[in-house]
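Working notes, beginning with the structure itself.
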Amino acid sequence: MKKTKQNAAMLLLLALSILLVLAGCANAQTNRAAGSETDSAAPTAAVDNKPAAAKSDQTEATSGASEAVGYTPLDQLKTSYDLVIIGGGGAGMTAALEAKAAGMNPVIFEKMEKPGGNTLKSSSGMNASETKFQKEQGIADTNKLFFEETLKGGHDTNDQEMLHYFVDHSADAIDWLDSQGITLDNLTITGGMKEKRTHRPTDGSAVGQYLVSGLVADVQEQGIQLFVQAHVKEITQKDGQANGVKVVFEDGEEKTIAAGAVIVATGGFGANQELIKQYRPDLEGYVTTNQPGSTGDGIVMAEALGGTTVDMDQIQVHPTVNQEHSYLIGEAVRGEGAILVDKGALRFVNEMDTRDHVTAAITKLDNREAYLIFESGVKSRAKAIEQYEKMGLVQSGETIEALAAETGLPAEALQSTLETWNNSITAKQDKAFGRTTGMDHDLSGAPYYAVKIGPGIHYTMGGIRINTNTEVLNKAGEAIPGLYAAGEVTGGLHGQNRIGGNSVAEIVIFGREAGVKAAEFVKNLK
Ligand code: ADP
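Residues in the sequence shown are numbered consecutively from 109, following the working numbering.
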């Protein structure tokens, strides 16, 4: 029953996503040429971004889309709920499900035309250690190793209490998802990790669409109200305690909704060029992979209630982003064997190093551009490549020479780079750059493929300071009563560098916690 519903929702989301991606691509050049602010956030900020040309009929088109996927119609809005959740991404929907399971009546307000946020765009998977799927597949992983590798990746700057909670609850989160009909049993590896702990859907496809469609189906099945085009402008309070929100709805009307507690799950601020410029002037002009709704609203709203922030200048620039469409090429492509070459067709970095290091190496190249090179084997293992192909991001050739001709890379150098790489695979040693993972298979199965990439703003590691109960903290480190936050809107867990696959884990682990803890708070009010 659950599966059927999920499949239906997934099909709808997929259809909608593909349509919007295609429309977004068509508009990419226009936006770029105009040098508009939407330039970087636009095109494939993809699936969520309605192209400028379609904006005029926004309301009509939107209500149609909303009804089709079954979001809650406005006439069902109540003036009061046990719990208000701001943001319908992975963290918000997860929190809603846990709160509902705890007997609450939660509501989700999502400002965009459909839920999913940046979660919808996540590709690599969800990191977790000591999981049943790892055990079944003979992968000897430990929470300790997961902790150590994440801390190393974050340059020892992660909030260690948060990190302990995170790794220790990761396997449980995988089980919980499985119990919700969301099964992530296909394992891969991302940069900075030594074990296969990145959990993906069974067919190896991108995690975001699968996760979001599953969560939407579960939210609907549980009868949780989810309003789209519901833009929360303010969190209300009484005597320092969060007690509701002010929301502007699709019809332009602002309403005040009362609640026993509020969960902020509004995602990051990677699409807010002003904030990026304020905290990281050096990143001005970079493209962003973020959906346009990731503007840091929750941070501003929590600050208004006395909430504090942490690591606001820690912004992750992802190394492999298609620049034309601001579209992220997931780390799984490298994890499944792809290499990176410069325009001379030479490798220049350990492709499986952490994101900050790989980005730094690409930033040093001419025009900050490089090519991911792979072949049919990688393509069959990293299903997300099919999506990149549909979007026209992948170049191909039946032979290495043909790929060189297609891309303009020097054929001899490409041939020799691939030969050397395949020898490194056989010898299980990468003398040139010391890569040790993503080396299970060589690159010898024609046809050959390339994706041109460069760095793009991807993730804001900083945000609202919370504790392991997901309570929002004030300057004195005290919890603000009734105010909770989870997901990308929070800061501290990742420190200065987030490991690929840790954001999906974060939204599920802390989204669950927020639902549980906020529910406890509300019960104690009664
Ligand atoms: P996370 O991964 O932490 O769940 P996402 O980016 O996936 O973050 O989801 C956050 C969601 O919150 C997005 O869908 C975004 O559009 C939504 N959002 C952001 N600001 C607001 C707001 N002011 N009111 C309602 N929804 C918001």
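In this text, a Cβ means the ideal position worked out from N, Cα and C, and glycines have one as well. Note that the coordinates shown come from a computational prediction; the quantities given were computed from them, not determined experimentally.
Let's test the definition: count the other Cβ atoms within 10 Å of the Cβ of residue i and tell me whether it reaches 16, buried, or not, exposed.
i	result
Q537	exposed
H263	exposed
G368	buried
K222	buried
A203	buried
L639	A query on residue 639 cannot be resolved here, the shown segment of the chain reaching from 109 to 634 and no further.
D450	buried
A490	buried
E646	One cannot answer for residue 646 here, as it falls past the ends of the chain, which runs 109 to 634.
D359	exposed
A199	buried
R140	For R140, the predicted structure reports a pLDDT of 26, less than 50, and the residue's modelled location is therefore unreliable. A value from the coordinates is still provided. It is buried - the Cβ of R140 has at least 16 other Cβ atoms within 10 Å.
D311	exposed
G246	exposed
L633	exposed
A325	buried
D183	exposed
A248	exposed
S230	buried
G211	exposed
Looking only at C-alpha atoms, which of the options sits nearest to residue i?
i	options	result
A82	L454, E269, A199 and V616	Because the chain is modelled from 109 through 634, residue 82 falls outside the range shown and cannot be assessed.
P555	K491, S484, Q184 and G198	S484
M420	L413, N430, K625 and P389	P389
M499	L436, F456 and I533	L436
I371	G414, G352 and M220	G352
N213	G198, G225, V192 and N226	V192
E71	D276, L292 and M201	The structure shown has nothing for residue 71, since the chain only spans 109 to 634.
H426	P181, G608, L413 and N632	G608
L473	V418, I481, A279 and F456	F456
S402	L413, I384 and L391	I384
Q399	K219, V630 and K583	K219
T416	F482, E256, G571 and A540	G571
T507	Q523, E497 and L205	Q523
N226	G600, A478, G623 and G196	G196
M599	T298, T265 and L185	In the sequence on display, residue 599 carries Gly and not Met. The option with the nearest alpha carbon to G599 is T265.
For the alpha helix (DSSP H) that residue i lies in, which residues bound it at each end?
i	result
D326	V315 to E329
T291	Segment: none, T291 is in no alpha helix (DSSP H) and carries neither H nor E.
K625	N610 to L633
T202	G198 to A209
G401	Where G401 is concerned, there is no enclosing alpha helix (DSSP H), given that its DSSP letter is neither H nor E.
E382	Q381 to Y387
V425	Counting along the chain, V425 falls outside any alpha helix (DSSP H), though it belongs to the beta strand (DSSP E) covering I423 to N430.
Q268	Q268 to D276
In the DSSP assignment, find the unbroken beta strand (DSSP E) run with residue i in it and report its ends.
i	result
A366	E362 to V372
T180	Counting along the chain, T180 falls outside any beta strand (DSSP E), and DSSP gives it neither H nor E.
T344	H339 to K346
D190	S188 to I194
R308	T306 to R308
Answer with yes or no whether the minimum CB distance from residue i to chain C is below 9 angstroms.
i	result
E579	Looking at the structure shown, chain C is missing, and only one protein chain is on hand.
For the region 440 to 524, which segments carrying the beta strand (DSSP E) assignment without a break, of at least 3 residues, lie completely within its bounds, in sequence order?
-> 447 to 449, 478 to 483 and 503 to 505
contact_flag[the region 561 to 575, the region 395 to 404] where n(CB pairs < 8 angstroms) is 3 or more | yes
Evaluate contact between the region 578 to 587 and the region 552 to 561, counting only Cβ atoms and requiring at least three cross-stretch pairs below 8 angstroms.
-> no
Hey, is the region 524 to 533 in contact with the region 460 to 472, meaning 3+ C-beta pairs nearer than 8 angstroms?
-> no
4-residue-minimum alpha helix (DSSP H) runs that sit fully inside the region 212 to 254, ordered along the chain | 240 to 244
Complete runs of the alpha helix (DSSP H) confined to the region 567 to 606 [at least 4 residues] | none
Inter-stretch contact at 8 angstroms, needing at least 3 Cβ pairs: the region 371 to 383 / the region 406 to 418 | yes
Touch test, the region 329 to 348 against the region 266 to 279, Cβ-Cβ under 8 angstroms, three pairs minimum | no
Inter-stretch contact (C-beta, 8 angstroms, three-pair minimum) for the region 509 to 524 and the region 591 to 602 = no
Can at least three beta-carbon pairs, one atom from the region 319 to 336 and one from the region 179 to 187, be found at a separation below 8 angstroms?
-> yes
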